[in-house]
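What follows is a short report on a single structure.
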Amino acid sequence: MNAPVDVSFFARAAKPITSYRKYWAHRFGTAPFLPMSRKEMDALGWDSCDIVLVTGDAYVDHPSFGMAVIGRVLEAQGFRVGIISQPDWQSAEPFKALGKPNLFWGVTAGNMDSMINRYTADRKLRSDDAYTPGDVGGKRPDRAAIVYSQRCREAFKDVPIVLGGIEGSLRRIAHYDYWSEKVRHSIALDAKCDLLLYGNAERAIVEIAHRLAAREPVEDITDVRGTAFVRRSTPEGWFEIDSTSVDTPGRVEDHVNPYMTIADQAKAQGATCAKEDQAAGESLPLPFAGEGRGEGAAQPLNFVPNPKVKLKPPPRDRTVIRLPSYEAIKADPVLYAHANRVLHLETNPGNARALVQAHGERDVWLNPPPIPLTTAEMDHVFGLPYARAPHPSYGDAKIPAWEMIRFSVNIMRGCFGGCTFCSITEHEGRIIQSRSEDSIIREVEEIRDKVKGFTGVVSDLGGPTANMYRLGCRTPEIEAACRKPSCVYPGICQNLKTDHGPLIKIYRRARELKGVKKVLIGSGLRYDLAVQSPEYVKELVQHHVGGYLKIAPEHTEAGPLSKMMKPGIGSYDRFKQMFDKFSAEAGKEQYLIPYFIAAHPGTSDEDMMNLALWLKRNGFRADQVQAFYPSPMATATAMYHTGKNTLRKVTRDSEGVDIVRGERRRRLHKAFLRYHDANNWPMLREALKAMGRADLIGNGKHHLVPTYQPVTDGSYASPRRKNSTGSQPVKGRVLTQHTGLPPRATGAKPVPPARKPR
Ligand code: SF4
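Take the sequence shown: its position 263, counted from the start at 1, is 740 in this note's numbering, and no numbers get skipped.
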């Protein structure tokens, strides 16, 4: 068996979050719930809060809810933390409910981007909200992180604002915004926050809290990983590299020429030593660089390196990559695609450099991503004294997101799949951070012993992906140097350890616990990885499937799959064979539910037609359909906006991508997924004729749509019957786009961000 993934390589680079001296207020002890009112603060003996967290979600004290995690982590450091949940944003008054925070505001839109929370993929208003008591929509404003930050500033002008959460994380640089169909500023600028935290923020927020408590001015805190902020210019002593010089996949850094000065080395790399070059006044701006930047800022050189000269690049920790400015990427989709690509190349905490992007006269500066948590730190975070319940002020009101995860356990973070439509990697990173077996088992026992309504069924042991627990690169050194966007695409990397042994061990231990009748796996399975371990598939299929297992091939055709970075449908077939074999061995009748995305970039009408034919051949009739939803910063969103394939080097002439725009074409792609719905037949007939495939219209088994048209009232429901393959047609939802967000509009159950189905 392979050894557990060693994250000590990264850990050496970071101070453990448990090693800080506790803040003096730790003497007040642990709150049963973090207070949401003055009355609760009084009961705890607090005269004030050190930190007030403002969130767009209901407060559920559970480690699947970001605000609860951040609140409890800060509490464990000794700080008094209050929560203002879903405040009325029409005035600043509700933001004063807990008084003035001694140290800072912590602001988040919640577990979801507020625009995805409020609007469907077709930009229609939703009436529900899985993170609100009673599942009612409208309890948070659009662009909540910006609105809340403004109100906090109005409430107490001089209190620093630290913005975090997925909305801040995914909007950290200038980005395409699907709802306004515009390129927007970095949210750091629009929210006017003092610091923006991106990714999982425990390590950053602990350091920031202690530094603010030690009276360090917030504007001096510019060196924390995983943070972004606005500054006027690049400070002295930094080397600026133009982003066009790094967007060459596979580039190997040259060796140093010992006879060159630091400044010469930087120049030979197409960079500049800010201090020396400024003094020399010899900068030459690149076509997009330098636009609108502050005076005195370092200027990159339009330098053509001599390939014969072997050189060492400037030190990574003093290097910043200048992306094209907001104004430039707004005006030029090719530069947008390039900037998005560079951002994704600079996401590995082992080798990422700082990024900077001008917005007018100001620069938005992004420090490199946070160092992943070690197993001990993960255990600490998940082992904090959560009440594992919604705040009592909500009474009996149901919060769907909580109902969904109350009997499940999050065993790890991160995903190395790299699916282009998914935001998990941009937020959590691709290095897997796993809890220890004991910590996970302790949480199962806590659920059994403490959570009301537990009937013995654990609904999930998972995470962003069901089966990446303790998987990772062969050595931490290789991992730290790697810049590949995926460890499993186009095939499984030869350096990836795929041993599912530790996961099998946890499954066995959990299901043998007294009082636990069944452990289900509800997280999405990476089945191309699972087939590497037949023992794991057997264990999963024979003990942890409740009749149906959801998996997500996302498509059957090579074109869209290559733009999604998903494996070919052959991987699905291999997994299905194993699934059927092990189910039969156990004497169980079980079914796979495949999920698909309509209208993804790179999908032609023919691709959707072929998918529909595959669905028909295999006897699947989807109840609901989900179309591609361009979430901020995802690679597929960059393709959607620019029409360029950002998985390859982007130039003016580089590969274009077929983008499914406009209501009519999106409706057609969705209609192919519900080829069995008579309401869609007129549209499909018309499209098939236009595509020259009228041969698929007819009343035989091999036809896609019949020639006759029943009278429909718009609410056609497909009949349930045995199909030609003899398998039972399943209630096949076609899965939501992987924003990591609840697919509520489809009627499917909500999934908090860290628990997305795959
Ligand atoms: S070398 Fe392979 S396994 Fe290692 S991090 Fe890179 S892609 Fe993943």
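All C-beta atoms, glycine included, are put in the ideal place defined by N, C-alpha and C.
Every value quoted in this text rests on a predicted model; they were computed, and no experiment measured them.
Helix, strand or coil, according to DSSP, for residue i in the structure here?
| i | result |
| --- | --- |
| residue 1021 | coil |
| residue 611 | helix |
| residue 831 | strand |
| residue 1158 | helix |
| residue 1090 | helix |
| residue 1073 | strand |
| residue 720 | helix |
| residue 503 | helix |
| residue 1209 | Confidence at residue 1209 is low in this model, with a pLDDT of 30, below 50, so the placement of that residue should be treated as unreliable; the coordinate-derived value is given next. Residue 1209 falls in the strand class under three-state DSSP. |
| residue 1058 | helix |
| residue 1150 | helix |
| residue 701 | coil |
| residue 812 | helix |
| residue 573 | helix |
| residue 675 | coil |
| residue 602 | strand |
| residue 596 | strand |
| residue 1137 | coil |
| residue 492 | coil |
| residue 559 | strand |
| residue 553 | helix |
| residue 1115 | helix |
| residue 693 | coil |
| residue 687 | helix |
| residue 859 | helix |
| residue 1109 | coil |
| residue 1052 | helix |
| residue 876 | coil |
| residue 1128 | coil |
| residue 822 | helix |
| residue 497 | coil |
| residue 895 | coil |
| residue 851 | coil |
| residue 1193 | In this predicted model, residue 1193 has a pLDDT of only 47, less than 50, meaning its place in the structure is not dependable; the value taken from the coordinates is given anyway. Residue state, collapsed to three classes: coil. |
| residue 666 | helix |
Tell me the DSSP bridge mates of residue i?
| i | result |
| --- | --- |
| residue 706 | 842 |
| residue 798 | 718, 832 |
| residue 581 | 528 |
| residue 887 | 939 |
| residue 867 | 537 |
| residue 1174 | 1182 |
| residue 1169 | Answer is none; residue 1169 lacks a bridge partner. |
| residue 653 | 660 |
| residue 1068 | 1025 |
| residue 587 | Answer is none; residue 587 lacks a bridge partner. |
| residue 1121 | 1133 |
| residue 1063 | DSSP, once it has assigned bridges, lists no residue as partnering residue 1063. |
| residue 1104 | 1075 |
Assuming residue i and residue j are in contact, meaning their beta carbons sit under 8 angstroms apart, how far apart are those beta carbons, in whole angstroms?
| i | j | result |
| --- | --- | --- |
| residue 533 | residue 585 | 7 angstroms |
| residue 559 | residue 580 | Actually they do not touch by this definition, with Cβ atoms about 12 angstroms apart. |
| residue 689 | residue 695 | 6 angstroms |
| residue 441 | residue 554 | Outside the shown range of the chain, which is 478 to 1235, sits residue 441, and nothing can be said about it. |
| residue 1121 | residue 1131 | 6 angstroms |
| residue 1143 | residue 1099 | So it is not a contact: roughly 16 angstroms between Cβ atoms. |
| residue 1046 | residue 1013 | With 8 angstroms as the limit, residue 1046 and residue 1013 do not qualify as a contact, their Cβ atoms being about 21 angstroms apart. |
| residue 831 | residue 802 | About 16 angstroms separates the two Cβ atoms, so there is no contact after all. |
| residue 640 | residue 841 | Actually they do not touch by this definition, with Cβ atoms about 13 angstroms apart. |
| residue 793 | residue 718 | That pair is no contact at about 11 angstroms. |
Start-end ranges of the alpha helix (DSSP H) lying completely within the segment 514-538, minimum 4 residues: 515-520
Complete runs of the beta strand (DSSP E) confined to the segment 898-952 [at least 3 residues]: 937-939
Those runs of the beta strand (DSSP E) which lie wholly inside the segment 966-1050 and span at least 3 residues: 1025-1031
Residue ranges of each alpha helix (DSSP H) within the segment 624-651, 4 or longer: 642-647
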